[in-house]
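Encoded as structure tokens, the structure appears first; notes follow it.
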Amino acid sequence: METIFSKDTSEATTIMLNIHRQGMGVAGVYSREIGESKVSEVHQTARKNQFPLKCSLEKA
Numbered sequence: 016m017e018t019i020f021s022k023d024t025s026e027a028t029t030i031m032l033n034i035h036r037q038g039m040g041v042a043g044v045y046s047r048e049i050g051e052s053k054v055s056e057v058h059q060t061a062r063k064n065q066f067p068l069k070c071s072l073e074k075a
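To get the working numbering, take the position in the sequence shown, counting from 1, and add 15.
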């Protein structure tokens with residue numbers, strides 16, 4: 016969260032807690048191209064580190 020979405024620790028923690036409590040969280044609003052790139056980066060990083068993360072892109 017901090018690296019890919021440029022969030023400070025406090026913002027990242029808030030998003031993580033929203034995900035934990037509500038099942039989803041918003042990491043940011045981006046153009047489609049940038050959003051797709053960030054989703055891909057999350058999936059690659061999760062796979063590399065064997066984390067079962069799900070990240071998706073939704074139209075705002």
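For each residue, glycine too, the CB sits at the ideal point set by N, CA and C.
Between the beta-carbon of residue i and the beta-carbon of residue j, is there less than 8 angstroms?
i: Glu51; j: Ile19; result: no
What I want to know is whether the C-beta of residue i ends up closer than 7 angstroms to one or more non-hydrogen atoms of the ligand FAD.
i: Leu32; result: Among the components of this structure there are no ligands whatsoever, and the ligand FAD is therefore not found.
Hey, how far is the Cα of residue i from the Cα of residue j?
i: Leu72; j: Arg62; result: 18 angstroms
i: Gly43; j: Asp23; result: 13 angstroms
i: Ser46; j: Cys70; result: 16 angstroms
i: Phe66; j: Thr60; result: 8 angstroms
i: Ser21; j: Val41; result: 13 angstroms
Whose C-beta lies closer than 8 angstroms to the C-beta of residue i among residues of the same chain, with five residues either side of it excluded?
i: Met39; result: Asn33
Once the 5 residues before and after residue i are set aside, which same chain residues still bring their CB inside 7 angstroms of it?
i: His58; result: Cys70
i: Leu68; result: Val57 and Ala61
Quick check on residue i: buried or exposed, where buried means 16 or more other Cβ atoms within 10 Å of its Cβ?
i: Met31; result: exposed
Going along the chain, which residues of its own chain have a beta-carbon closer than 6 angstroms to the beta-carbon of residue i, five neighbours each way excluded?
i: Glu17; result: Ala27
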